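Protein chains in written order, with the working numbering: chain B, 1 to 718; chain F, 719 to 1436. Note that the Cβ used here is the ideal one computed from N, Cα and C, for glycine as well. No experiment lies behind these values; they were computed from the predicted model shown.
Number of protein chains: 2
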Amino acid sequence: LVLSCSVQASHPNLVITQADVLDMRKAINEQGRFATAYKNLKAKVDLQMALPIEVPVPKDGGGGYTHERHKKNYQLMYDAGILFQLSQDKTYADYVRNMLLAYAQLYPTLELHPARKVKSQNSGKLFWQSLNEAVWLVHTIQAYDFVYGALSAQDIKRIETNLLKPVALFLSEGQPSTFNKVHNHGTWATAGVGMAGYVMNEPEWVEKALYDLEKSGKGGFLKQLDELFSPQGYYNEGPYYQRYALLPFVTFAKAIDNNDPQRKIFQYRDGIVLKAIDTTIQLSYSGLFFPINDAIKSKGIDTIELVHGVALAYSLTKEPGYLDIAKQQNQIILSGNGLKVAQALDQGLAAPYPFISVAFGDGSDGKQGALVIMRSQLAGDQAVLFKPAAQGLGHGHFDKLTWQFYDQTKEIVSDYGAARFLNVEAKFGGRYLPENESYAKQTVAHNTVVVDETSHFDGDVEVGNANAPVLSYFETSSRGTVSSAKIDTAYQGVELKRTMALVNLTELEKTIVLDVFDVVASGEHQLDLPLHYQGQLIDMNFALSVSTDQLSALGAKNGYQHLWLKGRGLPEQGLAKVSWLNENGRFYTHTSLVNGQEEFLFTQLGANDPHFNLRNEQAFVRRVNNKKQHQFISVLEPHGEYNPGKEYTLDAASQVTQLSYSQQGEVMLINITIAGVSYLIAINQVPDGSIKQNFQYQDQSFSINSRLAVFALNDDEE
Amino acid sequence: LVLSCSVQASHPNLVITQADVLDMRKAINEQGRFATAYKNLKAKVDLQMALPIEVPVPKDGGGGYTHERHKKNYQLMYDAGILFQLSQDKTYADYVRNMLLAYAQLYPTLELHPARKVKSQNSGKLFWQSLNEAVWLVHTIQAYDFVYGALSAQDIKRIETNLLKPVALFLSEGQPSTFNKVHNHGTWATAGVGMAGYVMNEPEWVEKALYDLEKSGKGGFLKQLDELFSPQGYYNEGPYYQRYALLPFVTFAKAIDNNDPQRKIFQYRDGIVLKAIDTTIQLSYSGLFFPINDAIKSKGIDTIELVHGVALAYSLTKEPGYLDIAKQQNQIILSGNGLKVAQALDQGLAAPYPFISVAFGDGSDGKQGALVIMRSQLAGDQAVLFKPAAQGLGHGHFDKLTWQFYDQTKEIVSDYGAARFLNVEAKFGGRYLPENESYAKQTVAHNTVVVDETSHFDGDVEVGNANAPVLSYFETSSRGTVSSAKIDTAYQGVELKRTMALVNLTELEKTIVLDVFDVVASGEHQLDLPLHYQGQLIDMNFALSVSTDQLSALGAKNGYQHLWLKGRGLPEQGLAKVSWLNENGRFYTHTSLVNGQEEFLFTQLGANDPHFNLRNEQAFVRRVNNKKQHQFISVLEPHGEYNPGKEYTLDAASQVTQLSYSQQGEVMLINITIAGVSYLIAINQVPDGSIKQNFQYQDQSFSINSRLAVFALNDDEE
Ligand SMILES: [Zn+2]
Ligand SMILES: [Zn+2]
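Right, dumping it as structure tokens:
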């Protein structure tokens, strides 16, 4: 253990230091983004400070008046505190002081919150959950630190004795189960208590925050850094929750660095804090987070937690790509890191952020499956998300091996995300809708195989948490990105194995997505592979029987009850094509190589939805029956442009004219003819992908010494 | 008659003059938008000129190879011609010369086009329709004019004798029915022939173009200016066709002005050319044209026809608002007018274009009903389109008295527009879809009353063309905009009368839309009033019986066969509310004042649509049965904000708490309480709206001497 040896000397010294303050004071008198942000915050806070201070007796749960008021108060104290530091105008310090004194008067009178939820979470006193109380402390301790120098000794005593120390003790000794827990809620508690320790010169509190109440190292902030992220910085619940989890890590780590630089917190676990920030950015497309698990789709990189994260990442690395993200966030925070970002942006130092193709190993050891992202810039900014990731706890979806596709800023092959209208009272009180369980989490709501109309793990989250898929391989090169994964625990006696590739056809300036989904079972089953597409259906190349004046639900449960069956068709052996037009103006054709046994079911979401809670999205489901074994093979091809504004339409028809699949030893061979060019795509499946494989194809010899190879064939027929 | 006395002296002298050319040559050597546009065009044309010239023997109809090639050729000749004038590089002139000579060789060998459509339209020789041939001439004659100075006397003779004169004669003497017709197709012909007359010194052709082949004045360009636009410059078929019709008017008028300034063409009919341009702009919202009639929704002000129009409008008026539009168009044309726009934009002279509330009288006399636009900037940029306009010929919809609403850049209450995927072969050859007739044109596809599930005029376009609604009044002031209109010919024995207002509630910084629809019939009928809304249904304040596992079509014909009935409810007497959330993040609540007899039918588009041609949009239909008389009264209220990205939701619930309706003499009185404020809205219906009316309400005396008054009532209850 590294013992703390800091001496509490000066204020402020948490996230923002005295040196930062001097720089910031200079900057607000110059032109630039920082000064603008300062003026905007000042105008906003001045409006609030004109109103009387309200510190109500706690009464309401989440969303209610006293709850929202106490949330507003900690933000106001924080903002007024930083304004005091920058302006040196004592009015701001007085405002914080008066509010702190009001809290110091109230707090000793409080019992546990009257609206507490006894079973589900530890209660706070100001708030119904101790989580909110910890967030309150994280902000308030910083505000206190800002105004410390303007307080009388008597005020300091009252505030520390009656408010800040009791809150810190309540959140640590008072709730060991949360404080010691290796969980995001624990992080807020350790961050608050640890920072309180720095400010009020209680080094023991810092030790406990870092190593748990017993200083055992089994819990506490460092253990949280060890376990809540994978070695690459991926957070098990997915990006929507990752960005939320980020803030206490970023905040407390910076305070530790300022107070105890010898702890080298930013080097901890090979720089895990920075990795966690960077991974959050990588988990976005066109400014929005990939909507896996219970994610609300409009959440993106401009979220305030990531504004803090990016400011820290830039200040640690000076990588100009972070400035590009900061520019899109369009928000400057008033801190030392924020100043560095603002000044660099003013100087025009931003450069494109390098989005990459990557497999993020899941779980604290990075071995609980992986979240795979494939990107290409060949034909516009594209991304495939492939998800052989772990369940991701209670907000996880039963979506093993699902995928999504993004092109030209839009979702093309999509995930429903969470079924929820956040804070809209009329929609189930703004909470997760019943349809989140009955549809959004179910396997059929995803682009992966459903066996016998039953969700993965039979919809049991505990079983899901205990059984992750296995990432077989991932490789990226100039020819594209390929990955393969499998899972044999989603269904008893069934192995699911999926191989996906985003392939660059450089000669054609085109990309395609290859998808080979193998199912091998011990008994016979019905196998469904849905594809949820975004856009208007344009065409298919096979006959369809359409339900024109009567619709029924596709099934009775596990999400099927929410799908209207609009039409069905059984394409003959060969290529089965379905085309749609996305709102981005591009066409997409999904070509399946079928054997005459795959039925295509076209669906629309919205059945059994009495409150109109669901968006009416479209899908088609490939179905085979009574199968012990089946291989779903398909190619997704973006093409053409629909521009009715300029009155032209280009390449509205698919250019895939031939597709065949074969295997030689461990090498998967896909022969595809597209726009008149014949390609042989080889995927090497041997356990050790670096071992060179030789194979023959159409009387030619080939070899592959990587996972993916793409050969342009001599086309003798032309 | 004003006789032409111009002497053909110099080239070029059509849309672009020699003086323009000198200015443009200077500008391309300076920095700025014009030089950039020049370089871009040059790069584009250079690429094309590197390929061999192709002047194929005509064979294909619209969309086919020879058709598209000849279209491409006239644009190429035009572009190369202007590049020759600007660069003085003879390569460009040679290219135009060579192509013209190729045409001069081909043209004498041609008969009427093999793919001509004998019954529907005059045939061309290069194209299947003479319309395309006229467009070809309008471009080609300008290209010829550009390169004239670089041609030998021999070339001139061959080109004029074998090509240009025959084409001009073919389009005039050769097809008197089109040339003399007061119709948009006639405008292209007269423009082409008239300009050919200027270039080839045939003043008689100019006379015929202006006054018809007999020079009678019964047809020709001037008559077209008289009759195709209303006095305010509104084109009967609506904005989608108006912008298309605009180009030959703008082009030929400019050529007339340059050659025969004494004709004062831009003052003709009180400046109708400029009015037509300006009206086209007014008929847009957020850059897109209002999609009435057979309109494709993504068509907007950046359409090339309007780029030409705006350049002319700016050059005629120097109004900085046109620069604002030009900026949004983001395209500079290489002409004298284009240069003026580019330079003014470079100087930063643009100012917001003044969009106004206005009633455009329809028909050449302006008295065939009207298209009404109401705008407000009080709560963001809003527009109501109210349509007591004439049928608008074959592309018109059976939508008398319908309305649309726009807010914060989006459609809120919408029109389907045309059912068509322009040029998408798989979608019915890219033509209008069958569903354009069976759904999009039908009354139920609009937000207006349908009697007995039958469309207006029983769907007969001839009857529609002969019977326009009557605009009773229109008025706009700081309190808002109000209009009322009626029609008694849409259904036999039924009078439809609608009064709409976009009302500013200044104290609340809110707007509402008032809608009172009166139906009076001689017999009993079923009356339906649909409302097509854009967004996710959030809530209604009455019980609904929802079809959860089986859907059926709402009806059998006239568009009803395409609507799935999702649910129905019969609200009790009082206020019936339906709320939805638009993708712009705002909530909208439609509150109807009901008497317990209006049933609400919730529908989704998509029944009887075997080819998935329709977008699956939502509506609700208010229905009463066996009624001789009914009044549909409602208020549309925008409110709140949904921002899941920033995690807040404001005012998701309607703030209308009370609504009542009464009438005193000719004054309509709507009392509404919203956000705790009680308003009395009075609408004066007397024939002469300027006569002051007195009335009592809740023991207070009021008077109104305009159409619309809004009084904030003393609310004794508070
Ligand atoms: Zn999901
Ligand atoms: Zn319409």
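Contacts of residue i in chain B (Cβ-Cβ under 8 angstroms)
i: F/V1142; result: I538, L581, Y642, T649 and A652
i: F/P1328; result: L544, V546, T548 and G567
i: F/D1020; result: G645
i: F/Q847; result: Result: empty, since nearest Cβ-Cβ is about 16 angstroms, beyond 8 angstroms.
i: F/I999; result: None at all; the shortest Cβ gap to chain B is about 16 angstroms.
Start-to-end residues for the alpha helix (DSSP H) that takes in residue i
i: F/A1029; result: I1022 to T1035
i: B/S177; result: P176 to F179
i: B/I325; result: P320 to Q329
i: B/L708; result: No alpha helix (DSSP H) contains B/L708, which is instead part of the beta strand (DSSP E) from L708 to A712.
For residue i, the first and last residue of its enclosing beta strand (DSSP E)
i: B/N626; result: Q618 to H639
i: B/K566; result: L563 to G569
i: F/V1090; result: A1088 to S1094
i: B/S16; result: Note that residue 16 of chain B is Ile in the sequence shown, not Ser. That residue, B/I16, is in no beta strand (DSSP E); it is neither H nor E in DSSP.
i: F/R1216; result: V1212 to L1223
i: B/A359; result: V358 to G361
i: B/I672; result: V667 to I674
Residue i CB to nearest heavy atom of ligand 2 below 7 angstroms
i: F/I1010; result: yes
i: F/A1158; result: yes
i: F/A1163; result: yes
i: F/D1455; result: The shown model of chain F, from 719 to 1436, leaves out residue 1455 of chain F, and the question about it has no answer.
Supposed contact pair residue j and residue i - C-beta distance, whole angstroms, cut 8 angstroms
i: B/Q142; j: B/L14; result: 5 angstroms
i: B/G726; j: B/V206; result: Any property of residue 726 of chain B remains undetermined from this structure, which presents chain B solely from 1 to 718.
i: B/G62; j: B/W128; result: 7 angstroms
i: B/A359; j: B/A370; result: 4 angstroms
i: B/G309; j: B/I277; result: 4 angstroms
i: B/F252; j: B/T190; result: 7 angstroms
When the options are compared against residue i, the one with the closest alpha-carbon
i: B/D549; options: F/L1034, F/G1039, F/R981 and F/W1282; result: F/W1282
i: B/L570; options: B/V594, B/S547, B/N558 and B/Q442; result: B/V594
i: B/L137; options: B/T448, B/D89, B/T187 and B/Y92; result: B/T187
i: B/E237; options: B/K223, B/R158, B/L283 and B/R269; result: B/L283
i: B/S522; options: B/K44, B/V451, B/F587 and B/F266; result: B/V451
i: F/D1417; options: F/H831, F/N880 and F/L1398; result: F/L1398
i: B/R615; options: F/L1299, F/P894 and F/F1116; result: F/L1299
Residue i: contacting residues in chain B (beta-carbon distance under 9 angstroms)
i: F/R1149; result: None at all; the shortest Cβ gap to chain B is about 12 angstroms.
Proximity test, residue i beta-carbon vs ligand 1 heavy atom, cut-off 7 angstroms
i: B/D415; result: yes
Residue i CB to nearest heavy atom of ligand 3 below 7 angstroms
i: F/T997; result: In the structure shown, ligand 3 is absent; the only ligands present are ligand 1 and ligand 2.
Per-residue contacts from residue i into chain F (C-beta, under 8 angstroms)
i: B/R615; result: Q1254
Closer than 7 angstroms at the beta carbon, the chain B residues around residue i
i: F/A1325; result: T548 and D549
i: F/K789; result: What F/K789 touches in chain B: nothing, since even the nearest Cβ is about 11 angstroms away.
i: F/W906; result: Within chain B, no residue comes near F/W906; the closest Cβ sits about 16 angstroms away, beyond 7 angstroms.
i: F/K1145; result: I538
i: F/I1014; result: P644
Contact set between residue i and chain F, taken where Cβ atoms lie within less than 7 angstroms
i: B/K299; result: P1362 and G1363
i: B/S552; result: D1267 and Q1268
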